[in-house]
Structures are given as C-alpha cells and as structure tokens.
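Residue numbers (the numbering used here): 18 to 183.
Where a beta carbon is used, it is the ideal one built from N, C-alpha and C, also for glycine.
Heads up: the structure comes next, in structure tokens.
Given below as structure tokens:
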C-alpha cells in the first residue's frame, strides 16, 4: 500500500513538473502583462504565478481530464482580479511606465490579456470574470483603442536650416 502511494506521488510530481516546464514561461508572461511590470523585474507576477501553480498542484489529482493550463490561467486571472479590484491593487508598486499595458486599468489589462494574448473566447472571459459578454466586448474595445491611439509626445522642435544654393 505504501509503495503504491509513493509511486502515485512520484508520478504526480513528474506530471506536474512536465506541465510547469511547458507552461510556466507563457503563464509568467501573461502574469507580467497583467501586473504591467518589467519582464526582468516582476515580483508581483511571479507571486501570482506561484500561487496559481500551487493551487493547480493541490488539485492535480482532481482534474479528471480538465486542462491544467486552463485551470491555472483561470486561477491566475481570478486571483489578479480579486487583488486588483477588491483590494485596491496588488501591493504598493505601480505599473512600470515602460510597459505597453501600463496606461490601462487592471480590468482592461485582464480582459485584453485573456482575449488577445491567451485567445480566450468572449463568453468564457465573461463567465470567468462575472461580466456580461457585451461588457467584456466594450472593455476589450476600449483597451485596444487606448493602446492603438495613444497621445503622442510633443512634436520635435523645428530648427532653422540654411538654404542650399541650387
């Protein structure tokens, strides 16, 4: 009995390690986009991913054919939403101004990352976040427009140049 239990635990650990090896990079990138941190300085994204992976590992035996990537991504999104919407942000740090998603609100970042980066359907995103599909569509459109039509900086100063004789 103990041998069987040990064998099952070893198999579970190997399966989970293989999952993490294949999925952690993409999930960390998604978490970094959500937190709008710099890719090389993303402690909030790493904490978010670590907690989501821990949750997936804890329920690994109960997945029963469910995609562990979807489960982890869903938990990551919900955890981010709770932290950002209900607790006034994730920690005290602000988005990195160099992040392309920094100008967006946490809700806009979440919808945009789920819809465009992760390719989650509008209806699934709505169900996950407890919003209507129309609301998800509006948030995604607003976020996309904000990124595509950013105000530009001041125009460069025009300097006088000498006319070249023809």
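- Message: At a threshold of 7 Å, does residue 64 count as lining the ligand GDP (C-beta to nearest heavy atom)?
- Response: The ligand GDP is not part of the structure shown, which contains no ligands of any sort.
- Under a three-way DSSP split, which group does residue 87 fall into? helix
- Item | Candidates 141, 155, 121, 79: closest to residue 188 by CA position | Residue numbering for the chain in the displayed model covers 18 to 183; residue 188 lies beyond these limits and cannot be assessed.
- Query: Can you tell me where the alpha helix (DSSP H) with residue 67 in it begins and where it stops?
  - Reply: For residue 67, the uninterrupted alpha helix (DSSP H) run begins and ends at 60 to 75, by DSSP.
- How would you label residue 83, buried or exposed, when you count the other beta carbons within 10 angstroms and need 16 or more for buried? Per the 10 Å Cβ criterion, exposed.
- Item | Beta bridge counterpart(s) of residue 119 as assigned by DSSP | Answer is none; residue 119 lacks a bridge partner.
- So what's residue 23 in DSSP terms, helix, strand or just coil? helix
- Nearest-angstrom Cα separation, counted from residue 37 out to residue 107: Its pLDDT being 45, under 50, residue 107 is placed unreliably in this model, and the value from its coordinates should be taken loosely. Going from the Cα of residue 107 to the Cα of residue 37 covers about 24 Å.
- Query: Between which two residues does the alpha helix (DSSP H) containing residue 161 stretch?
  - Reply: 150 to 165
- Can you give me the Cβ contacts of residue 113 inside the same chain, cut-off strictly under 7 Å, excluding the 5 residues immediately before and after it? A distance below 7 Å between beta-carbons, with the five flanking residues on each side excluded, links residue 113 to the following residues of its chain, in chain order: 53, 54, 55, 119.
- Going by C-alpha distance, which of 74, 33, 142, 136 is nearest residue 124? 142
- Could you check the C-alpha separation between residue 115 and residue 139 for me, to the nearest Å? 28 Å
- Going by beta carbon distance, what residues of the same chain come within less than 8 Å of residue 58, once the five residues before and after it are set aside? When the five nearest sequence neighbours on each side are left out, the beta carbons in the same chain lying within less than 8 Å of the beta carbon of residue 58 are those of 113, in order along the chain.
- Message: Does the region 144 to 163 come into contact with the region 70 to 83, if we say contact requires no fewer than three beta-carbon pairs (one atom in each stretch) closer than 8 Å?
- Response: no
- Item | Cβ neighbour criterion (16 or more within 10 Å) applied to residue 81 | exposed
- Query: CB residue 129 to CB residue 93, shorter than 8 Å?
  - Reply: no
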